Every structure is written in structure tokens, then in C-alpha cells.
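Asker: Quick one: the structure is below, and I'll ask about it shortly.
In the numbering used here, the protein residues as written are 30 to 111.
Shown next, in the form of C-alpha cells:
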């Protein structure tokens, strides 16, 4: 496949065909790793392991500067139990 580098706002981008992305197992919104090695640009899909995470793994992802705060949702409008 031959494509052109195009200007998109303040960045540059490549348009990749639907068939090529499908063949590579890449969909819209998927993360890819882009490397420059031995004179070539290499694009590799980042395959995330899907499944359940433990509480410990989830807590590890919380930013250190995050602080919980109370949110006022207003007065009840239905049969909410507070």
C-alpha cells in the first residue's frame, strides 16, 4: 500500500486502508506502538489483556494526587434511598 503523509492541524498523519488495518487486527480507537528502527517506521497493535483485575491492580492505577470528594447530586427526585 502506498500512502502520503498529510498535514492534520499541527500534526502529520497517514491514512491507512480499512483492509490493511483489518488484516493487522487494528480497529478505530485501538492503541498502537510506533517505532523507528533500521530506517523503517514500524506500527504494532498494543494488545491489552482483557479480563478481571484484582482490587490491588485497580488501586495501583489511581494517581497519587487523586482526592475523593463528596458530590451534591441535588434533591431526590424519585424513590432513592439515602
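Beta carbons: idealized from backbone N, C-alpha and C, even for Gly.
Since the model is a prediction, treat every value here as computed from it, not as a measurement.
Are the CB atoms of residue 30 and residue 50 within a distance shorter than 8 Å?
Answerer: Not closer than 8 Å, so no.
Asker: Helix, strand or coil: how does DSSP classify residue 88 here?
Answerer: Helix at residue 88.
Asker: Can you list, in chain order, the residues of its chain with a C-beta nearer than 8 Å to that of residue 91? Leave out the 5 residues immediately preceding and following it.
Answerer: So the list is empty, once near-sequence residues are dropped.
Asker: Residues in its own chain within less than 8 Å of residue 35 by CB, not counting five upstream and five downstream?
Answerer: 41, 42, 43, 44.
Asker: Roughly how many angstroms separate the alpha carbons of residue 56 and residue 74, rounded to a whole number?
Answerer: Rounded to whole angstroms, residue 56 to residue 74 spans 9 Å at the Cα level.
Asker: Roughly how many angstroms lie between the CA atoms of residue 71 and residue 37, to the nearest whole one?
Answerer: Distance between the alpha carbons of residue 71 and residue 37: 21 Å.
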